[in-house]
Each structure stands twice: as structure tokens, then as C-alpha cells.
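Some notes on the structure that comes next.
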Amino acid sequence: MRRLPLFLFSLPALLTLGVFILYPFLDVIRFSTWDWSGLSEPKPVGLKNYRDLFQDPAFWGSLWVTLKFMLLALPLFVGLSIALAVALEGAPYERLAKSLLFLPGLVTLGGATLSWYTLFTPGYGALAQFLPIPPWDREGFWALVMVVLFTLWRHLGYGVLVASARLKAIPKSLLEAAYVDGAGPLEALRYIVLPLMRPAVAFLVMVGTILSLQSYSAVFLLTRGGPYGATRVLGYYLYESGFENFRLGYAAAVTVVILLLTLLFAYAQLRLLRHGEE
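When you line the sequence shown up against our numbering, it's residues 478 to 755, in that order.
See the structure below:
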């Protein structure tokens, strides 16, 4: 009986979760069993979309590009967030620096990509007149690097704020005791600060994994999956399938696979981090 009031208080949140998350997800699973263009009458095809998906070389190519993107972006996102939070802790310009780092996330995505085009386009970009800008509009590796840098520029401020919040929760008495015992700044960082930062690291890893596996906007606005498919991540492959090839049932199957991959990678990384704590 004591649990009944708790359930009643949580009921509005559960209803909101069911209406706006669970129901759309179940609807996407239903769509994934259809052969449907969005205009024609849907035809149930069972698991055919999933069979076609796993036999499509373009899907495996997009998955490989997504994994490369994650291998580049995730360590940089987590590492730079922790490093900048530690470096800025207690500095007189800490608030100003964090505000500047967070500012790109407040800029509209269209305006941000337009500014990057204006600055970094090889040949006629504003910075190309003074700096050697790699040919990211023609070479796949540099195009992927450009998307990674743009993503970091947009989201690094959020990562720094998360890491900084955890850093400020570490008791100062622990660091003072370590210094009294003869520990230097590097020893205190290694044996006290970093182990106590594990919850923030786990959260940043999960957020970075979701950003990597579900990235789409930066690719769509900067490279359109090019050159030669070098930046065609799973999110952009989903867009092509649904809104360029008009295979909405197939695109729904891609959506389900992306969600399952995101959950799998996030769960595996959290398990590894918890195992490291033990």
C-alpha cells in the first residue's frame, strides 16, 4: 500500500514517457515491417527490410564510417572535457572561458555551418588565405576530420561543464591531505581526482556514444555524406533511405538498428567503466 502513492505521483511522468517515447518507438517497429513509400498503400513484408538491410553493402559502409567517426570523436570529447575542466578549475578567468566554450552550442546549427564554410572552405575561405586548410571538400579523411572538429566545437562546452560540476564536488580536504603527505599536483590528479571523476567520465562516454552513433546534422549540412561516401554515417544513410529513395519502411528498420547499436555500445562502455572501478 505504501507504494501506491509513489506510483500515483510518478504516473504523469510515466504517461508522458509512454506517449512521447514508447508509443513512437513501437510505431517505428511496426513501420519497419512495411514496404511503404509514404504515399503508397503500406504492404506488410515481415522482416524483409531487415534482411535487405544486412545484405546492403551501403549499410555496412555507413556503419564503418560511423565507427571511425566515434573512434575519432569520443576520446577527444571525453579527454578534452576532463583536461579543460581540470585546467580551468580555480582560474580567475574560469567563468569567462566556460562561457566561451559553451557559446557554440547556443548558435543555430545552420548559422554555425555557414560560418564554418565561410572560414574553412579550401581555396576561398577566409582562413584559407592565411592558413594551410586541408582539402576536406575532396579527400574523405579530411572531410571526416572536419565533421569531428565541428562536432567537438559544438558540444565541448557541455562536456566541460559536466566534468567541472563533478570536479567541484570533490572534497578539498582530500587534496589538502594529499599535499600534506607529500603528494605533488600530478600524483593528486592521478590518484585522487581522476578516480573520483569516474561518474562524470561514464556520463560523458554515454553522451559521446549517442552523439557519434546518431550524428546526422553536421554531415548533412557540411558534406552531404561526401566526398565519395566518406562521411556517410548511419544517420545520413537513414535520411537517404527515407527521404531521397522514399523507402520509409526500410528507413524505419535502419532507425531500429541504430537505436539498438546505441544501447549496446553505451551499455558495454558503462560495464567496462564499472568493472574498472571494482
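Here a beta-carbon is modelled for each residue, glycine too, at the ideal position from N, C-alpha and C.
- Can you name the residues that DSSP bridges to residue 520? 512
- Contacts around residue 515, its chain only, beta-carbon distance under 7 Å, and the 5 residues preceding and following it disregarded: 723, 725
- Task: Assign residue 493 to one of two classes, buried (16 or more other C-beta atoms within 10 Å of its C-beta) or exposed (fewer than that).
- Result: exposed
- Rounded Cβ spacing between residue 588 and residue 631 (contact assumed at less than 8 Å): Not really, about 12 Å apart at Cβ, beyond 8 Å.
- Reducing DSSP to helix, strand and coil, say where residue 487 ends up. helix
- Coil, strand or helix - residue 722 by DSSP: coil
- Residue range of the alpha helix (DSSP H) that includes residue 643: 617–645
- Task: Assign residue 678 to buried or exposed, taking buried as 16 or more other Cβ atoms, counted over all protein chains shown, within 10 Å of its Cβ.
- Result: buried
- Query: With residue 669 and residue 646 assumed to form a contact (beta carbons below 8 Å), what rounded beta-carbon distance in angstroms separates them?
  - Reply: In fact, because the Cβ distance is near 13 Å, the residues do not count as touching under 8 Å.
- Query: Between residue 634 and the rest of its own chain, which residues show a CB-CB distance below 6 Å, the 5 nearest in sequence each way excluded?
  - Reply: 578, 579, 582
- Look at the alpha carbon of residue 611 and the alpha carbon of residue 599, and state the distance between them as a whole number of angstroms. 7 Å
- Message: Can you list, in chain order, the residues of its chain with a C-beta nearer than 6 Å to that of residue 695? Leave out the 5 residues immediately preceding and following it.
- Response: 624, 627, 628
- Message: At a cut-off of 7 Å, would you count residue 654 as near the ligand NAP, judging by its Cβ distance to the nearest heavy atom?
- Response: Absent from the structure shown: the ligand NAP. Ligands present: none.
- residue 780 and residue 595 look like a contact to me (Cβ under 8 Å); what is the Cβ gap, rounded to whole Å? Here the chain covers residues 478 to 755 and nothing more, so residue 780 does not appear.
- Counted within 10 angstroms of its Cβ, other Cβ atoms place residue 546 as buried (16 or more) or exposed: buried
- Message: Tell me the rounded alpha-carbon separation between residue 526 and residue 742.
- Response: 23 Å
- Task: Tell me, to the nearest whole angstrom, how far the beta carbon of residue 710 is from that of residue 530; I am working on the premise that it is less than 8 Å.
- Result: Actually they do not touch by this definition, with Cβ atoms about 15 Å apart.
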